[in-house]
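Colleague: Next up is a structure, given as structure tokens.
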Amino acid sequence: MRDLQRLPEIAERSLGGLRADANMKAQILWKTSQIEQEQISYHHPKRALAFVCACLVLFAAVGILSQGSIRDPSSPLFSTQAAGSPAGAGNRALLDLDKTKISIGVSASSSSSQLGVWARFSDGSFPLVGIQGRFYRQLAKGLSFGSLKLDNPVAKVETFTQAPSLSSTDQIVSNILPVGTLLYRIAGLGDTLIAAEVDDGIALFQRVSFSGKAIRGSETLQDTLEITGHVTRMRLSGVGTIADPATCDALLEILFANAALESNGTIHTDNTLIMTLDNGIEVQLLYSQESFAGCGVWSCPEFIEAFMASNPS
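In terms of the working numbering, the sequence shown is residues 59 to 371.
What follows is the structure, encoded as structure tokens:
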């Protein structure tokens with residue numbers, strides 16, 4: 059019996075330094091429940107003693123793993139699926155605002171995507187706002203107060219959740235902005251961007267696909283990217299840069315006229331089409347071969363041909 063009383067101490071010493079995530083903890087608890095459900099003959103002293111020892115070791119391990127876990131044990135064991143990024147659970151990034159921009163302090167991820175201008179949490183998911191089924195991903199750079207004109211508020215965050223993919227499309231949700239945060243459109247850009255005032259600046263969010271949700275009803279790519287007349291520069295990965303606004307507008311016209319919707323998902327790629335607007339904001343589409351992804355995946359080989367024919371630098 060003396061050895062049995064020392065089991066928690068032995069388990070802690072043996073497993074010291076081990077760090078596991080919530081999934082491993084869940085697996086241990088599941089295994090424990092399976093042991094409890096097995097048909098064990100308690101009339102046999104040796105088998106009963108073995109069962110007790112196994113349970114004690116497992117529960118001691120769970121206690122140690124709980125101390126090393128970054129997740130509150132009471133939180134649900136699910137996570138959001140990031141468009142273009144693997145799902146996962148982890149610490150949320152913090153907004154680090156200075157006088158000119160917002161930078162998201164995120165750690166390196168195993169995802170292959172370079173992200174371009176979009177922000178990401180350290181677990182691979184991304185900070186977003188959902189407005190009744192339309193989703194917006196945070197840009198890594200924001201703006202200072204007064205640097206752009208905001209229209210009247212269009213919505214207010216109703217729910218803060220770490221699993222926005224499970225929320226109703228009737229809700230206004232966010233996994234980064236607190237409940238009560240006012241949401242604004244930016245004058246002249248339609249549904250392209252949503253802005254929110256945070257501690258020391260303005261956080262920006264671009265319309266994207268999320269959890270199989272993209273365009274609504276009869277929307278087109280242009281309805282989700284209303285930037286005609288505002289693009290001063292385009293940079294296409296591996297191809298080059300065009301810095302003439304008139305050429306940029308002509309290329310946008312080709313894109314919007316010929317883009318064909320492939321899916322409401324996204325694509326996994328390191329390549330981006332980054333477009334700089336006349337207010338200094340950068341928005342982007344992911345790019346792979348003849349397809350572009352932002353709010354939906356769109357095929358448009360005509361744009362690629364026209365871009366290359368424009369002799370980008």
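From the three backbone atoms N, C-alpha and C, an ideal C-beta is built for every residue, glycine too.
In this text the structure is predicted, and so the values were computed from the model without any measurement.
1. Which term fits Glu-340, buried or exposed, when burial requires 16 or more other beta carbons within 10 angstroms of its beta carbon?
2. Report yes if the CB atom of Arg-192 is closer than 8 Å to the CB atom of Phe-184, and no otherwise.
3. Whole-angstrom Cβ separation of Val-187 and Leu-235, contact assumed at under 8 Å?
4. What would DSSP say about Ile-362, mapped onto helix, strand or coil?
5. So which of Ile-244, Ser-225, Val-175 and Glu-277 has the shortest CA-CA distance to Leu-319?
6. To the nearest angstrom, report how far apart Ser-321 and Phe-268 are at their CA atoms.
7. Would you grab the beta carbon distance between Gln-190 and Asp-228 for me? Rounded to a whole angstrom, and I think it's under 8 Å.
8. If distances are taken between C-alpha atoms only, which option among Leu-262, Ser-225 and Thr-219 comes closest to Leu-240?
9. From Gly-200 to Asn-316, what distance separates their C-alpha atoms?
10. Who pairs with Gln-342 in a beta bridge, going by DSSP?
11. Mind checking Thr-203: buried by the 16 CB within 10 Å criterion, or exposed?
12. Just list the beta strand (DSSP E) runs in the segment 212 to 252, keeping only unbroken ones of 3 residues or longer that don't cross its boundaries, in chain order.
13. Taking 8 Å as the threshold (C-beta atoms), are Ile-244 and Leu-206 in contact?
14. By how many angstroms is the C-alpha of Gln-347 removed from the C-alpha of Pro-359?
15. Rounded C-beta distance between Asp-307 and Val-289? I'm assuming under 8 Å.
16. Which residue marks the beginning of the alpha helix (DSSP H) containing Leu-309, and which one marks its end?
17. Tell me which same chain residues have a C-beta within less than 6 Å of the C-beta of Leu-313, skipping the five on either side of it?
18. To which residues of the same chain is Gln-220 closer than 6 Å at the C-beta, ignoring the five residues directly before and after it?
Modeller: In terms of the structure at hand:
1. buried
2. No, they are not a contact pair.
3. So it is a contact: roughly 6 Å between Cβ atoms.
4. helix
5. Glu-277
6. Distance between Ser-321 and Phe-268, taken at the CA atoms: about 12 Å.
7. 6 Å
8. Taking Leu-240 as reference, the option from Leu-262, Ser-225 and Thr-219 with the minimal CA-CA separation is Leu-262.
9. Looking at the two C-alpha atoms, the distance is approximately 31 Å.
10. Ile-332
11. Checking the sequence shown, residue 203 turns out to be Phe, not Thr. Exposed, because fewer than 16 other Cβ atoms sit within 10 Å of the Cβ of Phe-203.
12. 230 to 232 and 240 to 244
13. yes
14. 8 Å
15. Rounded, the Cβ-Cβ distance is 7 Å, consistent with contact.
16. 303 to 316
17. Cys-358 and Phe-361
18. Asn-233
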